[in-house]
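Numbering (the working numbering), first residue to last: 421 to 779.
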């Protein structure tokens, strides 16, 4: 029976804490095992892995410091094992797989993108080891590019001149971990939370600016770590917010923290499709985010599960509004489950894989 299954190889830079790593490892473990035989290839170190993978999934670590150094080991693996489909994630790895696609005409290569590239490049300098024009040539060798949001697909079409038939929009799934919370009792001290890597693009600085103007009492839980940690906490100190903040560098139980808080705050300048925002809605905690590209306006329904703010002043006003409004966790959850339940999203991946193999 194993020979009748479609062999799929998922390739990731690492299994460190991160949205792409979490989503891709989750999808790889939830495909129909009667139809698909899945292997997970990890360019980075096994010691860095924070996500546990089921025993029925083969996982191979190349233990390389840089993704580029895994190019030839991955090539050798594909040559020997002859998968039908290769799915990679994150731009540098997708580019490398585009190059490898030139040598495997019978293999379908799919790249999954993680952000609105043109906007992200204005915020953070891209870490690439080849010129942009070669990067785009390599990308065009991929059979399909999975975009997480409408904004991402539009960006690939308009900024990078990709044909629409090469792009497919598949949002991120809500896993079974994110169950509905109990209706919370109104608290005099509001409990706010942000979950995300501590980097410039996530906009923690402007969230702190907003909180410094919030007139009520509050506690703020900050889940995540990253290169801009010191800058963020120095800014918090300068604003006199240090005592309000609880920092959780890493957790395997994001759902617990989302359920324990009253409002999820997002500060991002750009997203791909914001997992933590989606997961907050899934447990029934309302959200507020700045207007930014990357699926935010696909998830947030103003007044139903949260609000989108135009600028910092509007964010302060919306934060007061969201804090004083009585929210029904079940309505908030239903607003996203109907679109992003895991069964819906996993089927979209399976349908894509089956359509490529039939060609």
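Cβ atoms here follow ideal geometry from the backbone N, Cα and C, with glycine treated the same way.
* Asked: Should residue 439 be labelled buried (16 or more other beta-carbon atoms within 10 Å of its own) or exposed?
  -> Within the chain shown, the letter at position 19 stands for residue 439. With 16 or more Cβ atoms within 10 Å of its Cβ, residue 439 is classed as buried.
* **Reference residue 494; option with closest CA among 597, 479, 463 and 507** => The sequence position of residue 494 within the chain shown is 74, counting from 1. Ranking the options by Cα distance to residue 494, first place goes to 463.
* **For residue 421, three-class secondary structure by DSSP** => Here residue 421 is taken as the residue at index 1 of the chain shown, counted from 1. Note that residue 421 scores a pLDDT of 47, beneath 50, so its modelled location is shaky and nothing firm can be said.
* Sort out for me which residues DSSP pairs residue 478 with in a bridge. => Taking the chain shown and counting its residues from 1, one reaches residue 478 at position 58. 459, per the DSSP bridge assignment.
* How should residue 486 be labelled, buried or exposed, when 16 other C-beta atoms within 10 angstroms of its C-beta is the threshold for buried? -> Reading the chain shown from its first residue, position 66 is the one you call residue 486. Result: exposed.
* **Close Cβ partners of residue 571 (< 7 Å) along its chain, the five nearest in sequence each way excluded** => By 1-based counting over the chain shown, the position of residue 571 is 151. Answer for residue 571: 536, 713, 714 and 715, listed in chain order.
* Coarse secondary structure for residue 518, derived from DSSP in three states -> Position 98 of the chain shown, counting from 1, holds the residue named residue 518. Three-state DSSP puts residue 518 in a helix.
* Can you name the start and end residues of the alpha helix (DSSP H) that residue 429 belongs to? -> Numbered from 1 along the chain shown, position 9 holds the residue referred to as residue 429. Premise fails: residue 429 lies in the beta strand (DSSP E), 426–432, not in any alpha helix (DSSP H).
* With distances taken Cα to Cα, identify the nearest neighbour of residue 825 among 515, 586, 524 and 526. => Nothing in the structure corresponds to residue 825, since the chain is present only between 421 and 779.
* **Extent of the continuous beta strand (DSSP E) run through residue 614** => Along the chain shown, one-based indexing puts residue 614 at 194. Here the beta strand (DSSP E) through residue 614 covers 610–615.
* Tell me, which residues are paired with residue 640 by DSSP? -> Within the chain shown, residue 640 is the residue found at index 220, counting from 1. Residue pairing of residue 640 in beta bridges, as defined by DSSP: 612 and 665.
* Thinking C-alpha only, which one of 670, 675 and 771 is nearest residue 468? -> Position 48 of the chain shown, counting from 1, holds the residue named residue 468. That would be 670, whose Cα lies nearest to the Cα of residue 468.
* Asked: From the DSSP output, which residues share a beta bridge with residue 710?
  -> The residue you call residue 710 lines up with position 290 of the chain shown. Residue 710 is bridged to 729.
* With DSSP as the reference, label residue 684 as helix, strand or coil. => For the purposes of this step, residue 684 is identified with residue 264 of the chain shown, where counting begins at 1. Under the three-state reduction of DSSP output, residue 684 falls in the strand class.
* Backbone secondary structure at residue 581 - three-state DSSP -> Counted from its first residue, the chain shown places residue 581 at position 161. Looking at residue 581 - three-state DSSP - the assignment turns out to be coil, as it is neither helix nor strand.
* In three-state DSSP terms, what is residue 447? -> Translated into positions along the chain shown, residue 447 becomes position 27. Three-state DSSP puts residue 447 in a helix.
* Pick from 498, 452 and 630: whose alpha carbon is nearest that of residue 476? -> Position 56 of the chain shown, counted from the start, is the residue given in the question as residue 476. With distances taken between Cα atoms, residue 476 lies closest to 452.
* To do: Look up residue 489 in the DSSP assignment and give the residues it is bridged to.
  => Locating residue 489 in the chain shown gives position 69, counting from the first residue. As DSSP reads the structure, residue 489 sits in no beta bridge.
* Asked: Can you give the Cα-Cα distance for residue 619 and residue 473, rounded to whole angstroms?
  -> On the chain shown, position 199 is the one that residue 619 refers to. On the chain shown, position 53 is the one that residue 473 refers to. Rounded to whole angstroms, the gap between the alpha carbons of residue 619 and residue 473 is 27 Å.
* To do: Using only alpha-carbon positions, find the residue among 693, 775, 491 and 503 that is nearest to residue 430.
  => Numbered from its first residue, the chain shown carries residue 430 at position 10. For residue 430, the nearest C-alpha among the options comes from 503.
* Asked: What's the gap between the Cα of residue 457 and the Cα of residue 632?
  -> Your numbering for residue 457 matches position 37 in the chain shown. Your numbering for residue 632 matches position 212 in the chain shown. If you take the alpha carbons of residue 457 and residue 632, they lie about 52 Å apart.
* Could you check where the beta strand (DSSP E) with residue 538 kicks off and where it finishes? -> In the chain shown, the residue the question calls residue 538 occupies position 118. Not the beta strand (DSSP E): residue 538 falls in the alpha helix (DSSP H), residues 537–543.
* Can you tell me the Cα-Cα spacing of residue 785 and residue 756, whole angstroms? -> This structure cannot settle anything about residue 785, because the visible part of the chain is limited to 421 through 779.
* To do: Return helix, strand or coil for residue 695, following the three-state DSSP convention.
  => For this step, residue 695 is matched to residue 275 along the chain shown. Helix.
* N-terminal and C-terminal residue of the alpha helix (DSSP H) that residue 558 is part of -> Position 138 of the chain shown, counting from 1, holds the residue named residue 558. In the DSSP annotation of this structure, the continuous segment of the alpha helix (DSSP H) that includes residue 558 starts and ends at 552–559.
* Asked: How far does the beta strand (DSSP E) with residue 527 in it reach, from first residue to last?
  -> The residue you call residue 527 lines up with position 107 of the chain shown. For residue 527, no beta strand (DSSP E) encloses it, and the DSSP letter there is neither H nor E.
* Exposed or buried, which one is residue 679 when buried takes at least 16 other CB atoms within 10 Å? -> By 1-based counting over the chain shown, the position of residue 679 is 259. With a threshold of 16 other beta carbon atoms within 10 Å, residue 679 meets it and is buried.
* To do: Measure the C-alpha to C-alpha separation of residue 664 and residue 639 and round it to an integer number of angstroms.
  => Walking along the chain shown from the start, residue 664 turns up at place 244. Walking along the chain shown from the start, residue 639 turns up at place 219. Spanning the two alpha carbons is a distance of roughly 5 Å.
* Where does residue 564 fall in DSSP's three states? -> To locate residue 564, count along the chain shown from 1; it is residue 144. Secondary structure at residue 564: strand, using DSSP grouped into helix, strand and coil.
* Asked: Below 8 Å between beta carbons: does that hold for residue 505 and residue 613?
  -> The count along the chain shown starts at 1 and reaches residue 505 at position 85. The count along the chain shown starts at 1 and reaches residue 613 at position 193. In this structure, residue 613 does not lie closer than 8 Å to residue 505 by Cβ.
* Can you list, in chain order, the residues of its chain whose CB lies under 6 Å from that of residue 597, leaving out five sequence neighbours each side? -> Position 177 of the chain shown holds residue 597. Cβ neighbours of residue 597 within its own chain (closer than 6 Å, five residues either side excluded): 675.
* N-terminal and C-terminal residue of the beta strand (DSSP E) that residue 631 is part of -> Indexing the chain shown from 1 puts residue 631 at position 211. That residue, residue 631, is in no beta strand (DSSP E); its alpha helix (DSSP H) goes 624–631.
* Host alpha helix (DSSP H) of residue 774 (start-end) -> Working through the chain shown from its first residue, we reach residue 774 at position 354. Bounds of the alpha helix (DSSP H) holding residue 774 are 762–778.
* Three-state class that DSSP yields for residue 678 in the structure shown -> Taking the first residue of the chain shown as 1, we reach residue 678 at position 258. Here residue 678 sits in helix by DSSP.
* residue 646 vs residue 615 beta-carbon contact at 8 Å -> Sequence index remark: in the chain shown, residue 646 carries index 226 (1-based). Sequence index remark: in the chain shown, residue 615 carries index 195 (1-based). Result no, Cβ atoms of residue 646 and residue 615 do not sit closer than 8 Å.
* **Close-in-space but distant-in-sequence residues of the same chain around residue 465 (CB under 6 Å, 5 per side omitted)** => Residue 465 sits at position 45 when you count from the first residue of the chain shown. Result list for residue 465: 483, in chain order.
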